[in-house]
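Here is the structure we will look at.
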Amino acid sequence: IGLMAGYIGGKTDLLVMRLVEIVICFPTFLLLLILMSILLDYGSRQSILLVIAVIGLTGWTGLCRLVRGETLRVRQNAYIQSCEAMGTPLHRILLFHLLPNVSGPIFVSFTFEVAGAILAESSLSFLGFGVQDPTASWGELLRQAFPDPLTYWHLMFAPGLAIFLAVCAFNLAGEGLRKALDGKA
Numbered sequence: 003i004g005l006m007a008g009y010i011g012g013k014t015d016l017l018v019m020r021l022v023e024i025v026i027c028f029p030t031f032l033l034l035l036i037l038m039s040i041l042l043d044y045g046s047r048q049s050i051l052l053v054i055a056v057i058g059l060t061g062w063t064g065l066c067r068l069v070r071g072e073t074l075r076v077r078q079n080a081y082i083q084s085c086e087a088m089g090t091p092l093h094r095i096l097l098f099h100l101l102p103n104v105s106g107p108i109f110v111s112f113t114f115e116v117a118g119a120i121l122a123e124s125s126l127s128f129l130g131f132g133v134q135d136p137t138a139s140w141g142e143l144l145r146q147a148f149p150d151p152l153t154y155w156h157l158m159f160a161p162g163l164a165i166f167l168a169v170c171a172f173n174l175a176g177e178g179l180r181k182a183l184d185g186k187a
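At position 39 of the sequence shown (counting the first as 1) the number is 41 in the numbering used here, and the numbers step up by one without a gap.
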């Protein structure tokens, strides 16, 4: 969406960016809780796919803005303008010329988004809005041990440590990817 908005510009860009700003106006976690409670009220099963879909619906805005900004930057290059002058179809310009040149920052941002998604899913499951038994989730494991944390500290320690290590691993991978891509620039 950000690729199209950045390249086409005009009213398409304006419409997409206003939609992004409307979604950004709401606190992400509050929006996650509202969407999950609405979907659960309509009898949807609590499954990992539902949680993934809701996190995806609320987490696309930052990536969309990043892709749009990178597209606006790359669009000014001479090879894009020469493709336009030669009459290259829009889909070919987007997929074969723009997307490969904006993909570096997208991959870096995506690794940070995965870390945020892990925290969001764990938080939703801990509060009872996410994955439920019998499906395993770190947040659900924390919730089960929470009523008596002094007695069941070992049940809280393992999923808490797993969340911490997974989030740190994705953040460090994103940071390493960013440094590697900056070194090539």
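Virtual Cβ for every residue (Gly too), placed ideally from N, Cα, C.
For a cut-off of 8 Å, the C-beta gap from Leu37 to Leu59 is around 7 Å, short enough to register as a contact. In this structure, Ala168 keeps its C-beta atom at 9 Å or more from the C-beta atom of Ile95.
Comparing alpha carbon positions, the residue from Trp62, Leu101, Ile10 closest to Leu21 is Trp62.
In the structure shown, Asn103 adopts helical secondary structure according to DSSP, grouped into three states. Take Ser139, set aside five residues on each side of it, and the residues of its chain with a beta-carbon closer than 8 Å to its own are Ile50, Glu123, Ser124, Ser127, Gly132, Val133, in chain order.
The distance from the Cβ of Arg180 to that of Val110 is about 5 Å, consistent with a contact at the 8 Å cut-off. For His99 and Ile82, the gap between their C-alpha atoms comes out near 7 Å. About 6 Å separates the CB atoms of Pro107 and Leu68; that is less than 8 Å, so the two are in contact. DSSP places Gln134 in the coil class of the three-state scheme, outside both helix and strand. Rounded to whole angstroms, Met6 and Pro91 show a C-alpha spacing of 13 Å.
By alpha-carbon distance to Phe114, the top candidate from Asn173, Thr73, His93 is Asn173.
In terms of Cβ geometry, Val25 and Arg70 do not form a close pair [threshold 9 Å]. In the same chain as Gly118, and ignoring 5 residues on each side of it, the C-beta atoms closer than 8 Å to its own belong to Gly61, in chain order.
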